[in-house]
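Take the sequence shown: its position 62, counting from 1, is numbered 61 in numbering that gives the first Met the number 0, and each next residue is one higher.
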Amino acid sequence: MQGFSDLLYTVGDHPWLGIPFLYALVFAMLLWTGRIRHPAAINMIAIGLILPCINLGMIAAGIMLSADKLQFAMHGLMPF
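In structure tokens form, the structure reads like this:
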């Protein structure tokens with residue numbers, strides 16, 4: 000449970016971390032409405048847009064949570 004509260008604090012401290020999750024939520028709501036009937040478009044949105052958004056958000060949150068444990072040289076490569 001401590002990890003989840005750290006994640007919420009990190010996302011709240013760095014609002015740009017919530018952007019990939021927001022896009023994933025918007026794309027999921029688009030699919031949930033059922034207005035898209037073409038299977039290829041559904042697959043492209045689900046696999047091509049939602050999954051990368053979630054992966055990007057989780058990787059960025061993991062980097063922010065472990066930033067104090069990274070080596071100095073590795074921390075210099077991070078854009079934040």
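All residues carry an ideal CB built from backbone N, CA and C; glycine is no exception.
Computed from a predicted structure; not experimentally measured.
1) Looking only at its chain, what residues have a beta carbon closer than 7 Å to the beta carbon of Ile49, apart from the 5 residues adjacent to it on each side?
2) Report, in whole angstroms, the separation of the C-beta atoms of Ile44 and Leu29, which I expect to be a contact under 8 Å.
3) Please list the terminal residues of the continuous alpha helix (DSSP H) segment that includes Leu64.
4) For Pro19, report the span of its alpha helix (DSSP H) as first-last.
For this structure:
1) Ala23, Phe26, Ala27
2) 7 Å
3) 50-64
4) 17-31
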